[in-house]
Structures are given as structure tokens and as C-alpha cells.
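Residue numbers (the UniProt record's numbering), protein chains in the order written: chain A, 1 to 292; chain B, 1 to 292.
In C-alpha cells:
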């Protein structure tokens, strides 16, 4: 296999990272992708930093053994806890979702006031604030914890295999009056608080699915930065500079691995998020991921 | 004046930053530029960090009063010492030359071993090492101090007003056998030392003028990252995202200010580095720069 045709490894605690994988597949259509979702141990947000760090390294070693040319940690919690150690230890280069989103937010803001919409844990770690202020000490960061968003998305995704059909029939299934109300309540502190935020980073890979209600709550004058999109741009810049972009003649493969015991459930929700059927799904046991 | 038509402020301790201004003028031909070179207090490398910080703020306030839309610190020493405080204090956004070069180096390297060619002072501050390892903790940075390069460039520039003619007649006037030998000696530790560096950042705004001998010493397999080019890319990304790129109908102006008492000397060397005659040069006194 040509070096440039090796797959891009994408890792997440479960399904959320498929918003990133989708963005990669759409922007870099010749690239093969190897996705691993640690659904069995999801969510990572309730675990200790040490645990998450160990999980990131396990997935990283597993992806490296499957010959990926680069690993993308497509999860904010895992990036905050495990990016540095993964970069130091793994035999493949590793990028996360925080730095690209932070840089895009800095480059976008004119008021120099940026909101970070994320899970309470990610807001608490201050990872975005650090990443933003390392690059521009003059930007104010307003963390906006969204405790209910992941649950809203997961609830909708759990309703079963007909997501795609419902979406095609009814449009954005997440953009309901109830979700709009909840999103507005959550965003109120940065919308009404006089914070003058003109840019908001979606600091959780689940949140692009709620882009409809989020954009509605923020209004047309606030830019929404998606770390999925920005990470894909960064990835493209890296592969281009390293002469590692797959050629246009390359027929890409998209493979998915999950630690979930319920492949059918992963397939249904995953196909919806990825925007096309997940054709190749395999089960990977926790022992295998641990290298046992 | 339209907001987007306000000039880009560019600041350097003297002439070196004109390599950045030139890159901006060539890549963003519709943008007005207001350049200020603190030639009278040059070089900054021998001064204390506190002094350099104060000089950066003086120039920043002066540029802000002249209504620039953004300030570029086109000097590595000044970026290392003064970027953060300038971002915190000045009423305009500020970028430096270190972060863009660091990011480009990370994205370019395949061996994950990067050389930083800079003045001894810049190498000693560790600013590039920090910037690189903040973004990718798995990249090894090899600082390569080049004590003689600025002097080589300045000596050549001091030979007078015929630089442009000599260049047109003889080609790269810096690519002489003596300069090649000196550059090779300087680069030996990262070329011969088994460091496996595949990417080298030019961490001083004077060094693009020595690109000929540097590329010759490094050979075809090592990428040379110019912070001038990368800072221009970053600037373009920022102005595009903020809807602040000047329109194609805008007739740009290029103004230059210097604290030097010898405008003719600044004009001669400056026109050579900028690649076209500096038509509008003014003298700015230190008192004026200090806001007195």
C-alpha cells in the first residue's frame, strides 16, 4: 500500500466523533478512514483523567497497529485529557479537536469575545480557554456549559433505525420546539448577558447535530465554529504539506470498529450521523483494545 | 474609510520585517500597509525583555492611532518578548511571527524533528520550542543559533543604493561562496548531526534574504518554512474570516515610517528588501513613538 493511501485513524468514545469522520469523508473523498468508537466505556465525561488517558493510548496503539498514517482524537474530553501523552508516546502523529477550533475562533472574532459551548466537564477543564489564550491573550473566553445537549442528541439517536427516513421526510429532526427552548435556555448567559460574543465554538462532537437550534438561538450575527470542520481543514493542511494526501485514483475504504456489543444499534445511529450507511462494522473487544 | 480598507500595521525593530511586508504586499495586493521600523533602537536582540516589551507597546499604540485594522509584529525577538502583553493591552488585534511558523513546521514534518534557525537570543528564549510543543508534544525541536547571519545580511545591505541593480545583473547577491561556507558551518549541527530534521523554520525575518545559501546547505529533502509566508497566510485567514479583506476595487497605499535619522539609507536597503521602491517614507521621532 502506498504511504499516502494508508487510512486516517479517527477515535472517539462512541458515536459523536462520526460528525468529524463525516466531515473528513466529505472534504477528503479519496481518503480511507478507520474509525474506532469506544461505545462500551462511553461516556468518558464521568471518568477520571487517568482513565481517559489510558483509553486514548489503547485506541492509539490499536490504530497504529492497523497502519493509520495519522490519528485524529475526535472527542473533546479525550483531547483535553490525552492528546499530549498520545503525541509523546504513540508511533504515529496525533491531532485533536481543540486547537483547530480555538484557532478558528480567534481568527473569526471581531469583538475578541468568544463563547465555548461544551459539556460541563470540558468547560471546567479550561482546555479551550488555554488553547485560545495561548494564541491570543487578548481574547476573552466565555465558557457555556451545556449539560443536557448530549442527552438530547443521544435520546433522539436511540429512537431507532428510522432516523434517516424521518430526516428525509421531516427535515432537521433535532430542530423541535422543545429543543429550541432548551438550547435557548442554555445559551442565555452568552446571548443575553451582554457578553458581546460574536463567535461560538461547538466544543463537543455531538453538538453539530444540534446546529439548527443553536444557530436559531444565537441569531445571524454570531458565527458558529465547528471543531469538526476546522479539524478537517487542519488535517488537510497536514496531509498536503507532508505529501500524504491520497491520490484521486485511490478507492477509499471506510471501516468502523466499536467496543459496543450491539452492532445493529451502532450501525443505525452511526449511519445517520455519518450521512451514509456504515458498510463495514466490526466488533473490537476491550481486551483486544488493551492489547491483551 | 471602509473598515476593510484600513491598513495592516507592520512593526519591526528595523528593516528585517520588510520581508514580511513584502510577502503581505505580494499575497494581498489590495491591502494598504503601514510599516514602522524602529531602526534607531535596532537591534533589539541585545536589549532586555522589559525594554523590548515597552518598544512593542509604543509602536502598537502609534499604529493603533493611525487606524490600522490589525498589527503584525514582524520580528521574532519582539514577538517572543511582547506579543502577549500587546494582545492584552492594545485596542487592535495583534499577531506575531512565531505561532504561524511553528504550526507550519509541525504540519510539514514527517520525521517529527524540526530545526529552528534563529538568532542566539531567539533560540535561547525557547519561544519556538514552546510554540511547537504546545501544539504537538511529539515533535523534537533542534535550535540552531546563527550568530553571524544578521551581520552578513546587514553588511551586504549597507553596501549602498545599487543593491537592486546588482541583484538584477548578478542574481542572488547573498549566494556567494563565502556566505555558502558560513551558512554550511552554522547548519552543520542539524545537517550532519544525525538529527534527521526534515523541516527548518527561518526564525528571523532577516533570514529569507539568505534563502539561497540556506537551501543549498540543507539540500532538497529538507523543507524550509518561512515565518514571513506563514504569517501572511494566517493574516489572510484572519481577514477573510472577519470579512476585513480589502475589496479588489481598493487602491492600496504602502507607507513606511522609521525612527532612523538617515531616510536615504532606509530607502535604499528598504526598497531592495521590499522588492519595489518605498515611495512614502516618513521620519518618526522616538518621542512621537513614545506618545510624548
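Backbone N, C-alpha and C fix where the C-beta goes; we use that ideal spot for every residue, glycine too.
Everything numeric in this text was worked out from a predicted model, so none of it was measured.
Contact set for residue i: own chain, Cβ-Cβ below 6 Å, skip 5 residues either direction
i: residue 11/B; result: 36, 59 and 73
i: residue 131/A; result: 98, 99 and 102
i: residue 32/B; result: 7, 252 and 253
i: residue 115/A; result: 142, 144, 190, 197 and 200
i: residue 167/B; result: 173
i: residue 247/B; result: none
Integer Cβ distance of residue i from residue j, believed to fall under 8 Å
i: residue 294/A; j: residue 234/A; result: The shown model of chain A, from 1 to 292, leaves out residue 294/A, and the question about it has no answer.
i: residue 39/A; j: residue 260/A; result: 4 Å
i: residue 212/B; j: residue 272/B; result: Their Cβ separation, rounded to whole angstroms, is 15 Å, which puts residue 212/B and residue 272/B out of contact at 8 Å.
i: residue 274/A; j: residue 206/A; result: Rounded, the Cβ-Cβ distance is 14 Å, inconsistent with contact.
i: residue 218/A; j: residue 225/A; result: Actually they do not touch by this definition, with Cβ atoms about 11 Å apart.
i: residue 250/B; j: residue 30/B; result: 5 Å
i: residue 34/B; j: residue 66/B; result: 6 Å
i: residue 63/A; j: residue 9/A; result: 4 Å
i: residue 52/A; j: residue 82/A; result: 6 Å
Any chain A beta carbon closer than 7 Å to residue i
i: residue 221/B; result: no
i: residue 138/B; result: yes
i: residue 238/B; result: yes
i: residue 2/B; result: no
i: residue 290/B; result: no
i: residue 233/B; result: no
i: residue 87/B; result: yes
i: residue 242/B; result: yes
is_contact[residue i, chain B] using C-beta, thresh 7 Å
i: residue 99/A; result: yes
i: residue 84/A; result: yes
i: residue 321/A; result: Within the shown structure, residues of chain A are numbered from 1 to 292, placing residue 321/A beyond reach of any answer.
i: residue 135/A; result: yes
Spatially closest choice to residue i from the options, by CA coordinates
i: residue 113/A; options: 260/A, 243/A and 222/A; result: 222/A
i: residue 118/B; options: 75/B, 252/B and 86/B; result: 75/B
i: residue 151/A; options: 136/A, 143/A and 183/A; result: 183/A
i: residue 144/B; options: 128/B, 158/B, 133/B and 156/B; result: 128/B
i: residue 90/A; options: 69/A, 185/A, 110/A and 204/A; result: 69/A
i: residue 242/A; options: 265/B, 227/B, 199/B and 203/B; result: 199/B
i: residue 125/B; options: 284/B, 1/B, 186/B and 46/B; result: 46/B
i: residue 307/B; options: 156/B, 107/B and 170/B; result: Not covered by the structure: residue 307/B. The range shown for chain B is 1 to 292.
i: residue 79/A; options: 13/A, 142/A and 282/A; result: 13/A
i: residue 142/A; options: 21/A, 153/A, 96/A and 122/A; result: 122/A
i: residue 176/A; options: 41/A, 209/A, 2/A and 77/A; result: 209/A
i: residue 178/A; options: 167/A, 156/A and 192/A; result: 156/A
i: residue 195/B; options: 85/B, 158/B, 169/B and 111/B; result: 111/B
i: residue 84/A; options: 291/B, 203/B, 214/B and 137/B; result: 137/B
i: residue 154/A; options: 265/A, 292/A and 5/A; result: 265/A
i: residue 202/B; options: 20/B, 4/B and 3/B; result: 20/B
i: residue 290/B; options: 43/B, 42/B and 55/B; result: 55/B
i: residue 165/A; options: 276/A, 282/A and 283/A; result: 276/A
Sequence-distant residues of the same chain with beta carbon closer than 7 Å to residue i, five excluded per side
i: residue 27/B; result: 232 and 236
i: residue 270/A; result: 15, 18, 256 and 278
i: residue 229/B; result: 23
i: residue 147/B; result: 120
Residues near residue i in its chain [Cβ-Cβ closer than 8 Å; skip 5 each side]
i: residue 180/A; result: 213, 216 and 217
| task | With 9 Å as the C-beta to C-beta threshold (strictly closer), list the residues of the segment 104–116 of chain A near chain B in chain order. | result | 104, 106, 107, 108, 109, 110 and 112
| Taking Cβ-Cβ distances below 7 Å as the criterion, which residues of the segment 45–76 of chain B are in contact with chain A? | none
| field | Positions along the segment 116–133 of chain A whose CB lies within less than 7 Å of some CB in chain B | value | none
| message | Tell me which residues of the segment 196–221 of chain A have at least one Cβ-Cβ distance to chain B shorter than 8 Å, keeping chain order. | response | none
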